[in-house]
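Line by line, the protein sequences are chains X and C. If you want the numbering used here, it's the position in the first sequence, counting the first as 1, plus 15. If you want the numbering used here, it's the position in the second sequence, counting the first as 1, plus 80. Have a look at the structure below before the remarks.
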Amino acid sequence: MSSSLELLAEIRQSSERRPFAVLKLAEPLLNTRGVSRAGDDAWLVYEQVFVSAIDEGQIELAKAVLVILRTRFPSSQRVKRLYGMINEAVGHPDEAKTIYKEMLETDETNILASKRLIALLKSYGHIGETVKQLVAYLDIHNNDFEAWLELSNLYLTQNLYPQAAFCMEEVIMQQPANHYFHLCYAEISYSMGNFDLALKEYLRVVELSTDNVRGFYGIKLVADRIRDIRAKPKRDQNARIDDAPQPATLDRLSQLATERLVAAYNGANDTCKKTAEEWLKA
Amino acid sequence: MSGLAESTEQVMFLDPAIRNWVLFPITVIMVLVGVFRHQLTILMTGEPPKPDIRDIRQAKALIRGQILAQSNSYIPLSSFTERKKFLCSAFEEGDYLKNKNAKDQSPVNMMADPKNMEVMMDGMKKQMMGIVPQTLIMGWIQFFFSGFILIKLPFPLGLRFKQMLQSGIMTPNMDVKWVSSLSWYFINLFGLRGVFSLILGGENSADGIRDMTAMGSMGAMGQQSGQPQDYNKLFMAMKDNLSIVYHEWDLANIEQRVFVKYGKQSRVFTSAAK
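Written out as structure tokens, the structure reads:
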């Protein structure tokens, strides 16, 4: 019994979303009333089970758990948002929206409600509305880098590259050592046509994370592209290559990238290797 | 008690009844009072005040300025300049201030703000909870347990302590090592902190020392930690900070660094052209 509780606590700690595992662990606990052994943690377990039940589609179980939580915490905002979530799950977005708006009216600073509202709007595809809400949220809580990431993704779905780049810059300012964010930023810059910036960012990725294959692909692509543009200057008006390095450096970079990619693919299986080699030769 | 010896070391025999009826009871009473105080404080402490959304926005805007100043080297110059301009003008205009219209007025009187009142009342209640038991116990000890020696301190002290520690006993020659029950009270005050953190967990309200420091700072009641901080001034200071930041892009010589990292070059040439 206690080991299941411990495992559940670990899953809660790591914020993983593993509905099947949670339900499997929690079912015996719920049936034999072992949850009461967890003491104060019992309510956390109930909340966890509720979310997993919704994920798995077990609405009846979710409703039962919700009743238990409601009896214990009758006027809780946290329980109220669970009501909102279950409405979302069964397909009543309007009720859910009303619930979240009510929560925000009683307490403007309720982060749970703001985030659920944004998630609701996003899941129903109202991207414009989502972006508006998210921007309002970020106006206040501008140190929430995950929210900036989300906004960047939303902009990318609409191909608004400059705005997405802006959001990524905010993320990078708050998490400068994470190479993945630099990678996203590099790829957005490359898509926009800022090749000089893209090159630098790809280099940063490769500096932070040794032999990062995506990073090296990026370097090779950008270096070759810059070379092509320099050869035929009239072709691409949007490209920005003012800060790009000298041709000699570009060649060396391209060479380095090829080398590291070959080294990386040496360990891969044959089809991968062949495809990579052919691409690299081209 | 036998008389004083002639040697430099004063030897006295104390009645064991003193130990049974004074030493232990004082300690036990102090522990019990401490635990009682702790529980009472938990009952009496109100909820921490809910921050207003405009307060949060203010505070986070300041944080944003700080992050920009700190991490400016990770974003290109154009982005940094854009943000700098935006934030500086926002701070100047007071866009993030809680009450934009009152920007130029002097800081608000602390008493007027109802939320502040609750916080202050809470603080004062806590201080009362600390001071009253201490005073009571001290008075009780003075009343019942004065006039005799309780313990001998293992370390020597200066003569000036004689007056405080041997308060009930007027003898000119007795060594300062022999002290009365009041000093045992003080020893307990400092020593029981460890016992309390064992019994009550880390953050407990039975700490005598914290009360003493609180008593000391009671005089400076005006300085509540950050409550009515003048955000306008803070924003102006941040704006000045930002305008003098020298932006140096971290990625300026990254090609060299990558070459060095992958062994193509032995070191970074600082003055080398791109």
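Ideal Cβ positions, reconstructed from N, Cα and C, are used throughout, including at glycine. None of the values given here were measured: they were computed from a predicted structure.
Practice task
Check residue 94 of chain C in the structure and name its three-state DSSP category.
Solution key: For the purposes of this step, residue 94 of chain C is taken as the residue at position 14 of the second sequence. Residue 94 of chain C falls in the coil class under three-state DSSP.
Handout entry: Within 8 angstroms, strictly: CB atoms of residue 315 of chain C and residue 142 of chain C
Key = Here residue 315 of chain C refers to the residue found at position 235 of the second sequence. Here residue 142 of chain C refers to the residue found at position 62 of the second sequence. With respect to the 8 angstroms criterion, residue 315 of chain C and residue 142 of chain C are classified as neighbours on the basis of their beta carbons.
Handout entry: Where residue 116 of chain X falls, given that 16 or more other Cβ within 10 Å makes a residue buried
Key = Locating residue 116 of chain X in the first sequence gives position 101, counting from the first residue. Label assigned to residue 116 of chain X: exposed.
Handout entry: Counted within 10 angstroms of its Cβ, other Cβ atoms place residue 327 of chain C as buried (16 or more) or exposed
Key = Residue 327 of chain C sits at position 247 when you count from the first residue of the second sequence. It is exposed - the Cβ of residue 327 of chain C has fewer than 16 other Cβ atoms within 10 Å.
Handout entry: Beta-bridge pairing of residue 232 of chain C - partner residues as DSSP gives them
Key = By 1-based counting over the second sequence, the position of residue 232 of chain C is 152. DSSP links residue 232 of chain C through a beta bridge to C:258.
Practice task
Compare the beta carbon distance of residue 97 of chain X and residue 65 of chain X with 8 angstroms and say whether it is the shorter of the two.
Solution key: Taking the first residue of the first sequence as 1, we reach residue 97 of chain X at position 82. Taking the first residue of the first sequence as 1, we reach residue 65 of chain X at position 50. Yes, the pair counts as a contact, with Cβ atoms nearer than the cut-off.
Problem - Residue-level contact to chain X via CB, residue 99 of chain C, 8 angstroms cutoff - result: Looking up residue 99 of chain C in the second sequence gives position 19. Judged by the 8 angstroms Cβ criterion, residue 99 of chain C is not in contact with chain X.
Problem - Start and end residues, alpha helix (DSSP H) containing residue 174 of chain C - result: Taking the first residue of the second sequence as 1, we reach residue 174 of chain C at position 94. From DSSP, residue 174 of chain C is part of no alpha helix (DSSP H); its letter is neither H nor E.
Practice task
Measuring alpha carbon to alpha carbon, tell me which of X:31, X:54, X:125 and X:158 ends up nearest residue 144 of chain C.
Solution key: As a first step, residue 144 of chain C is located in the second sequence; it is residue number 64 there, counting from the start. Among X:31, X:54, X:125 and X:158, the Cα nearest to that of residue 144 of chain C belongs to X:158.
Exercise for the section: Report yes if the CB atom of residue 218 of chain C is closer than 8 angstroms to the CB atom of residue 265 of chain C, and no otherwise. Expected result: In the second sequence, residue 218 of chain C corresponds to position 138, counting from 1. In the second sequence, residue 265 of chain C corresponds to position 185, counting from 1. Contact flag set, yes.
Problem - Alpha-carbon spacing of residue 130 of chain C relative to residue 186 of chain X, whole angstroms - result: Locating residue 130 of chain C in the second sequence gives position 50, counting from the first residue. Locating residue 186 of chain X in the first sequence gives position 171, counting from the first residue. One C-alpha to the other measures close to 28 angstroms.
Problem - Contact set for residue 300 of chain C: own chain, Cβ-Cβ below 7 angstroms, skip 5 residues either direction - result: Along the second sequence, read from residue 1 onward, the residue named residue 300 of chain C stands at position 220. Here the model assigns residue 300 of chain C a pLDDT of 44, short of 50, so the residue's position is not dependable, and the following value carries that caveat. Excluding positions up to five away in sequence, the list is empty.
Problem - Three-state class that DSSP yields for residue 123 of chain X in the structure shown - result: Start at 1 with the first residue of the first sequence, and residue 123 of chain X comes out as number 108. Correct three-state label for residue 123 of chain X: coil.
Practice task
Determine, using beta carbons only, whether residue 68 of chain X and residue 80 of chain X come nearer to each other than 8 angstroms.
Solution key: Residue 68 of chain X sits at position 53 when you count from the first residue of the first sequence. Residue 80 of chain X sits at position 65 when you count from the first residue of the first sequence. Cβ distance < 8 angstroms, so residue 68 of chain X and residue 80 of chain X count as in contact.
Practice task
Use the C-beta contact count for residue 181 of chain X: other C-beta atoms within 10 angstroms, 16 or more gives buried, fewer gives exposed.
Solution key: The count along the first sequence starts at 1 and reaches residue 181 of chain X at position 166. Buried, since its Cβ has 16 or more Cβ neighbours within 10 Å.
Practice task
Determine the closest residue to residue 288 of chain X out of X:134, X:280 and X:38, with distance taken between C-alpha atoms.
Solution key: Here residue 288 of chain X is taken as the residue at index 273 of the first sequence, counted from 1. Closest option to residue 288 of chain X, Cα to Cα, is X:280.
Handout entry: Partners in chain X for residue 326 of chain C, counting only beta-carbon separations shorter than 7 angstroms
Key = By one-based count along the second sequence, residue 326 of chain C stands at place 246. Residues of chain X with a Cβ closer than 7 angstroms to the Cβ of residue 326 of chain C do not exist; the shortest Cβ-Cβ separation is about 17 angstroms.
Handout entry: Integer Cβ distance of residue 2 of chain X from residue 208 of chain X, believed to fall under 8 angstroms
Key = Absent from the model: residue 2 of chain X. The displayed extent of chain X is 16 to 297, so no value can be given.
Handout entry: residue 91 of chain X burial status per 10 Å Cβ neighbour count (16 or more: buried)
Key = The residue given as residue 91 of chain X occupies position 76 in the first sequence. Residue 91 of chain X comes out exposed.
Exercise for the section: Give the range of the alpha helix (DSSP H) segment to which residue 205 of chain X is assigned. Expected result: Working through the first sequence from its first residue, we reach residue 205 of chain X at position 190. Looking at the DSSP string, the run of the alpha helix (DSSP H) that includes residue 205 of chain X is 194–207.
Exercise for the section: Step through the CB atoms of chain C and report whether any lies within less than 8 angstroms of the CB of residue 194 of chain X. Expected result: Taking the first residue of the first sequence as 1, we reach residue 194 of chain X at position 179. Residue contact with chain C for residue 194 of chain X: absent (no Cβ-Cβ distance below 8 angstroms to any residue of chain C).
Practice task
For residue 117 of chain C, count neighbouring C-beta atoms within 10 Å of its own C-beta (all shown protein chains included) and say buried if the count is 16 or more, exposed if not.
Solution key: Translated into the one-based positions of the second sequence, residue 117 of chain C becomes position 37. Burial state of residue 117 of chain C is buried, judged by a 10 Å Cβ sphere holding 16 or more other Cβ atoms.
Exercise for the section: Taking residue 229 of chain C and residue 258 of chain C to be in contact with their CB atoms under 8 angstroms, please state how far apart those CB atoms are, rounded to whole angstroms. Expected result: As a position in the second sequence, residue 229 of chain C is number 149, starting the count at 1. As a position in the second sequence, residue 258 of chain C is number 178, starting the count at 1. Indeed, because the Cβ distance is near 5 angstroms, the residues count as touching under 8 angstroms.
Handout entry: Whole-number beta carbon distance between residue 23 of chain X and residue 73 of chain X, since they are thought to touch under 8 angstroms
Key = Sequence index remark: in the first sequence, residue 73 of chain X carries index 58 (1-based). Sequence index remark: in the first sequence, residue 23 of chain X carries index 8 (1-based). Contact flag wrong, Cβ pair sits at about 17 angstroms.
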